[in-house]
Amino acid sequence: MSENTQQSMSFQTEVKQLLHLMIHSLYSNKEIFMRELVSNASDACDKLRFQSLKDDSLMAENSDLRIRISVDKEANTIAIEDTGIGMTRDEVVQNLGTIARSGTADFLKNLTGDERKDSQLIGQFGVGFYSSFIVAKAVDVYTRKAGHAAEEGVHWHSEGEGEFTIDDAILPQRGTKIVLHLKAEESEFADDWRLKSLVKKYSDHISVPVQMLEEKFAAPEEGEEEAKPQEPTWENVNSAKALWTRSRSDVKDEEYQELYRHISHDYGDALTWSHNKVEGKLDYTSLLYIPKKAPYDLWNRERVRGLKLYVNRVFIMDDVEQFLPMYLRFVKGIVDSNDLPLNVSREILQNDSTIESIKSALVKRVLDMLEKLAKKKPEEYQEFWQEFGQVLKEGPAEDMANKEKVAGLLRFATSHSGEAKQDVALVDYIERMKEGQDKIYYVCADSHQTAKNSPHLEVFRKKGIEVLLLSDRIDEWLMSYLQEFDGKSFVDVARGGLDLGDIESEEEKQAQEKANDEHKDLIGKMKTLFAEEVADVRMTHRLVESPACIVVGDDDMGAQMRRIMEAAGQQVPETKPTLELNPEHPLVQRLEQESNDDRFNDLANILLEQSRLAEGSSLKDSASFVSRLNKLLLEMMS
1 MSENTQQSMS FQTEVKQLLH LMIHSLYSNK EIFMRELVSN ASDACDKLRF QSLKDDSLMA
61 ENSDLRIRIS VDKEANTIAI EDTGIGMTRD EVVQNLGTIA RSGTADFLKN LTGDERKDSQ
121 LIGQFGVGFY SSFIVAKAVD VYTRKAGHAA EEGVHWHSEG EGEFTIDDAI LPQRGTKIVL
181 HLKAEESEFA DDWRLKSLVK KYSDHISVPV QMLEEKFAAP EEGEEEAKPQ EPTWENVNSA
241 KALWTRSRSD VKDEEYQELY RHISHDYGDA LTWSHNKVEG KLDYTSLLYI PKKAPYDLWN
301 RERVRGLKLY VNRVFIMDDV EQFLPMYLRF VKGIVDSNDL PLNVSREILQ NDSTIESIKS
361 ALVKRVLDML EKLAKKKPEE YQEFWQEFGQ VLKEGPAEDM ANKEKVAGLL RFATSHSGEA
421 KQDVALVDYI ERMKEGQDKI YYVCADSHQT AKNSPHLEVF RKKGIEVLLL SDRIDEWLMS
481 YLQEFDGKSF VDVARGGLDL GDIESEEEKQ AQEKANDEHK DLIGKMKTLF AEEVADVRMT
541 HRLVESPACI VVGDDDMGAQ MRRIMEAAGQ QVPETKPTLE LNPEHPLVQR LEQESNDDRF
601 NDLANILLEQ SRLAEGSSLK DSASFVSRLN KLLLEMMS
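In the UniProt record's numbering, the protein residues as written are 1 to 638.
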């Protein structure tokens with residue numbers, strides 16, 4: 001190394017914190033560093049293979065793609081070397097001096113201060129290279145970009161503290177070599193047999209050959225007792241056969257799980273998976289995984305997502321978004337097609353009809369996988385719903401072709417369940433419907449408790465009718481796209497006039513019609529008083545215990561959506577609700593008999609403001625409400 005090219009540079013602040021965590025934490029599974037480094041080497045080989053399709057000169061010096069692992073017991077070092085794409089000096093600074101992911105801040109935000117717990121976050125945030133420092137006191141990286149001269153090699157060195165050094169190096173071969181200088185207490189890893197077992201355990205599925213030196217012995221000659229050692233040779237340690245090309249019966253669950261961890265950078269297991277080969281009009285293989293846990297950036301719609309694409313077992317690109325819609329962005333997996341050209345580009349992917357056909361089939365497969373999980377393993381499906389339910393709720397709006405199928409996978413809390421747990425399927429709701437009931441009733445609110453105690457549910461409790469309780473922020477938007485299921489239409493019980501159909505008797509319907517005539521004077525007086533506040537005032541049969549409630553028009557924006565839009569700074573069109581009164585309630589009857597205009601106004605305003613509070617809305621003038629209420633309380637006391 002020449003002194004004039006060597007630079008000392010500081011790590012990005014976030015990397016310093018991460019390295020401190022790596023070095024000083026008690027990591028529960030130290031051997032994971034080997035999986036991460038072999039995976040990175042495999043990715044480098046895949047990238048070179050793809051780029052060489054456009055520029056075959058990149059592999060002119062050596063067409064052999066492989067990974068080699070060697071051990072020096074005396075020096076207590078491990079070397080992992082690949083013949084992949086390599087890096088330039090600028091790329092080394094960018095990739096090894098910073099964490100080039102938008103999730104870094106989120107990673108650090110999630111740190112708890114408990115080192116054992118914090119170390120488990122590492123896998124979730126894709127910072128695998130830095131796991132080297134779990135076992136190494138220092139790391140050297142030697143790398144040369146494919147297509148660059150030997151003199152353009154780079155040497156990176158760090159001891160995992162605040163700085164790293166970078167220098168020029170003469171490297172006769174393209175690719176990257178990482179040398180780990182092991183800590184004294186981690187010398188167990190400076191062992192060929194130990195590393196071979198790790199490669200078999202974690203990286204057997206990788207399609208690039210992973211090689212280690214194998215000692216050879218010549219048969220002892222006549223008169224000699226021991227075999228003579230020969231020059232060791234490089235032997236493949238992994239099967240070097242893409243797992244998805246093998247028959248399902250030949251693949252163990254452990255192998256499927258390890259491939260999942262490799263492609264997803266998840267330290268946990270997948271919840272379920274589907275391995276399928278299609279032959280005929282289309283010819284492709286798919287291996288799709290449903291994770292157990294949601295990634296930290298699930299709600300970032302700009303996050304990297306999608307499946308890995310191979311063509312004839314040649315890696316083409318990561319994170320192909322075109323195969324699955326946004327609401328299935330949590331799915332991980334691989335697609336290997338024989339029907340796409342090797343020089344496939346993103347533009348072709350966006351316009352190729354084959355992609356649309358494959359996408360349609362993959363979406364159906366994912367939904368079938370979830371449906372099967374829900375039927376055969378409802379407890380595991382409930383775990384999935386807790387993690388990804390709100391994402392799946394985007395489906396009816398984004399995927400009209402599969403709207404009914406997605407709706408069948410949705411889960412809801414209901415007025416019959418008694419708790420906030422969303423575990424009721426629409427098919428279960430329909431099976432429990434009352435005789436004569438032909439609609440699915442629901443109510444939206446800001447919280448489960450508000451929905452559960454909504455006055456709009458009173459008549460449904462009286463008649464034993466189950467109501468879906470929707471309290472997620474996305475729910476009202478969801479229901480604007482989900483008009484019916486299995487021929488049954490959805491009805492918002494807090495919207496418009498309530499028609500219970502055949503559930504109501506003729507006597508009840510006639511009583512409702514008479515109520516508005518019998519109390520027309522009160523209704524007229526209330527309309528005059530609240531001309532600026534409400535669109536209409538009428539008697540209702542939906543209330544049993546409450547004196548009044550407000551309902552929105554059939555075509556108006558609901559209260560929950562209105563509050564969400566306003567909180568986001570969006571302009572919301574002004575609409576007026578309808579005030580409904582319970583003619584059987586003593587307060588309404590007392591109001592009707594009140595001759596003092598001031599007292600009438602106070603009591604009427606209290607009823608309207610109580611209705612707004614029960615809906616979950618805030619009052620425009622809460623001080624006036626408190627004043628009126630105190631005034632009436634004092635009158636009662638005197």
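Positions of the beta carbon are idealized from the N, C-alpha and C atoms, including for glycine.
Because the structure is a prediction, the values reported are computed rather than measured.
Annotated as proximal: Thr414 and Val424, with beta-carbon spacing under 7 Å. Across the structure, Leu410 and Glu394 are spaced so that their CA atoms are roughly 11 Å apart. Secondary structure of Val71 (DSSP, three-state): strand.
A distance of 7 Å or more separates the beta carbons of Val92 and Trp193.
Distances from the CA of Asp475 to each of Met557, Arg612, Asn605 and Thr575 were compared; the closest alpha carbon is that of Met557. Membership of His448 in the alpha helix (DSSP H) is indicated by the continuous run His448 to Lys452.
Asn516 sits in a helix when the DSSP states are folded into three classes.
As far as DSSP is concerned, Ser187 takes part in no beta bridge.
For Thr165, the pairing in a beta bridge is given by DSSP as Ser8 and His157. Judged by DSSP secondary structure, Met637 falls within the alpha helix (DSSP H) whose first and last residues are Ser622 to Met637.
The residue from Glu371, Leu587 and Pro577 with its alpha-carbon nearest to that of Val427 is Glu371. In the structure shown, Leu19 falls within a helical segment according to DSSP collapsed to helix, strand and coil. In the structure shown, the three-state DSSP call for Met59 is helix. For Asp499, no beta strand (DSSP E) segment is defined, and its DSSP state is neither H nor E. Here the alpha carbon of Ile440 sits roughly 55 Å from the alpha carbon of Ile134. Distances from the alpha-carbon of Trp477 to those of Cys444, Trp234, Leu498 and Asn453 put Cys444 closest. Trp273 is a Cβ neighbour of Tyr289, given a cutoff of 7 Å.
Residues of the same chain with a CB within less than 7 Å of the CB of Met565, apart from the 5 flanking positions on each side, are Val572 in chain order. Taking a contact to require three or more Cβ pairs closer than 8 Å, the segment 385-404 and the segment 444-464 do not qualify as touching. Per the C-alpha coordinates, the member of Leu500, Trp299, Tyr481 and Leu328 positioned closest to Ala397 is Tyr481.
For Gly408, the enclosing alpha helix (DSSP H) has its first and last residue at Lys403 to Leu409. For the 7 Å CB-CB criterion, Ala138 and Gly153 do not form a contact. With the rule of 3 Cβ pairs closer than 8 Å, the segment 63-73 counts as touching the segment 181-200. Per the C-alpha coordinates, the member of Ala623, Gln94 and Phe323 positioned closest to Ser360 is Phe323. Its chain contains Leu619 as the residues whose beta carbon lies nearer than 8 Å to that of Leu613, once the 5 sequence neighbours on both sides are disregarded; these appear in chain order. Taking a 10 Å sphere around the C-beta of Val491, we find 16 or more other C-beta atoms and assign the residue as buried.
When only Cα atoms are considered, Thr5 and Glu379 end up about 60 Å apart.
Contact between Arg66 and Val208 holds: CB atoms are separated by about 6 Å, below the 8 Å threshold. Contact annotation: Ile503 and Gly436 have beta-carbon atoms nearer than 7 Å. Of the other Cβ atoms in all chains shown, fewer than 16 fall within 10 Å of the Cβ of Glu151; this residue is therefore exposed. A straight line joining the alpha-carbon of Ala79 with that of Gln257 spans about 26 Å. Within the segment 542-576, the runs of beta strand (DSSP E) at least 3 residues long that lie entirely inside it are, in chain order, 548-551.
At the C-beta level, Ser264 and Lys332 come within 7 Å of one another. Between Leu579 and Ile550, the CB-CB gap stays under 7 Å. By the CB criterion at 7 Å, Glu466 and Arg432 fall inside the cutoff. For Gln230, there is no enclosing alpha helix (DSSP H); the residue is found in the beta strand (DSSP E) stretching over Lys228 to Asn236.
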